[in-house]
Each structure stands twice: as C-alpha cells, then as structure tokens.
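Below you'll find the structure, written out as structure tokens, and then a few comments.
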Amino acid sequence: MRGFRLALAALLAGLVWSQDEGFGRSMPVIHSADFAREGGVLDGSLPVASFPRLADVLVSTDGDVAWQIRGGVDKFSRPWIEASLEGELVVRCQRCLNPMSWPFSIETRFTQFADEAAADEAEELDPDMETMVIEPALLVETLLEDELLLALPFAPTHAVCDAPQEQNRQDKPNPFAALAGLKTRKAE
Ligand SMILES: [Zn+2]
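Residues 83 to 270 (the numbering used here) are what the sequence shown spells out, left to right.
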C-alpha cells in the first residue's frame, strides 16, 4: 500500500480494491460513471516501474508518478473523470540518443458515454473533447497509464544536446591513458 487516500464519496461509489500481483499492492477499481456521479476523489503515488507499457518506452523506470482522479457530472448530465498526473520520466533524446528527463504535469477530462457510437458522435461535435466508454470495473492504474502514454512527447530532444562522447575522445587524448603509457615504459 502506498498511502492511497480516498474520499468517502469514492467509498459510496462502490469502490473495491484489486490485488496487483506484480507489485503486491492493492489498486483501486471503480465504476467510472458511479464514481463521477458521486463526485469521487482518489489520489496517490505510484512508482514509474508499476506501469509496464510505459516502462517499455522509457530509458529508466526511476521515480514516482503523483496522481489524482476526480469525478463529476456536466451540464448535460454526462459523467466525467478528470485525471491529473505529475512527475518526471526519463526518455531518450531523438537527436543525440542520450537520456533526458521529461518533467510533466498533465490533466485530462474524459467525458463518459454509454458506447463507442455515442462517444464518436460527441467527439465529432466537439473535437477538443476526450471521451471514454463507461466502464463498470475500471482499473485506475490503466486510466493513468493510458493518459501518460498519450501525453509522452513523440520525438523528444534536448534544448541543447551535449557534444557526442565519441567525438570528445577523438579530439583530445585521454590524459590518464597517456599517463598509463609512461608508467609502462618506465617499467620496461
Ligand atoms: Zn540530446
């Protein structure tokens, strides 16, 4: 358990907990629409390594992701879930191929619909809207990981890349290698 705090509203929304075998933690599972209608709030912190699909595309799984989800209903009585995520990931610079840190603070609201057809129709009317189909057993971790994967920069690059290591070595001889050469000659 990594200190999940849950509001009473989330309990009223019929919150249950699932056992995550990989990390021996309990992860919240919610009914996405009930959670929204009850105004649920959940937050916590998860190690980056606990998101396997995300870990696949990262250079390192160091660090934690702070997260919060909130629920509500819009003026058309449609339930929504907002997910906020904050942290820092280590991605690969697509120019120099060295690791670079990518600090993020993202928030997305997903408006919920009964089926794909209704969600597609709503997105056509409002292209800025993010939608999801009502999920009676939504694993919160999956929602968070999907949002992180969507937010990852497609081709991240350093503002200024360090000079490539290989070139440094060719430009000037390593002083320690030269010293080692001297020692060898003395011993002969
Ligand atoms: Zn770079």
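The beta-carbon is built from N, C-alpha and C at its ideal position, and this holds for glycine as well.
Among the options, nearest to residue i - alpha-carbon criterion
i: Asp208; options: Leu226, Glu120, Thr193, Cys178; result: Thr193
i: Leu234; options: Met211, Arg174, Asn180; result: Arg174
i: Ile188; options: Leu167, Arg177, Ala201; result: Leu167
i: Thr190; options: Leu232, Val111, Leu128, Asp202; result: Leu232
i: Val139; options: Ala165, Leu171, Ala201; result: Leu171
DSSP state of residue i mapped onto helix, strand, coil
i: Leu124; result: strand
i: Glu212; result: strand
i: Phe195; result: strand
i: Val173; result: strand
i: Asp144; result: coil
Nearest-angstrom Cα separation, counted from residue j out to residue i
i: Gln150; j: Asp228; result: 14 Å
i: Ala241; j: Arg177; result: 10 Å
i: Pro129; j: Ala137; result: 10 Å
i: Pro219; j: Asp244; result: According to the sequence shown, residue 219 is Ala rather than Pro. Between Ala219 and Asp244, the C-alpha separation is close to 47 Å.
i: Thr143; j: Lys157; result: 40 Å
Cβ distance (whole Å) where residue i is taken to contact residue j below 8 Å
i: Glu203; j: Val215; result: Not confirmed; about 13 Å, so no contact.
i: Thr224; j: Phe195; result: Not a contact, Cβ separation roughly 18 Å.
i: Leu230; j: Phe133; result: 7 Å
Is it a yes or a no for the region 111-122 touching the region 138-150, going by three-plus beta-carbon pairs under 8 Å? Segments in contact, no.
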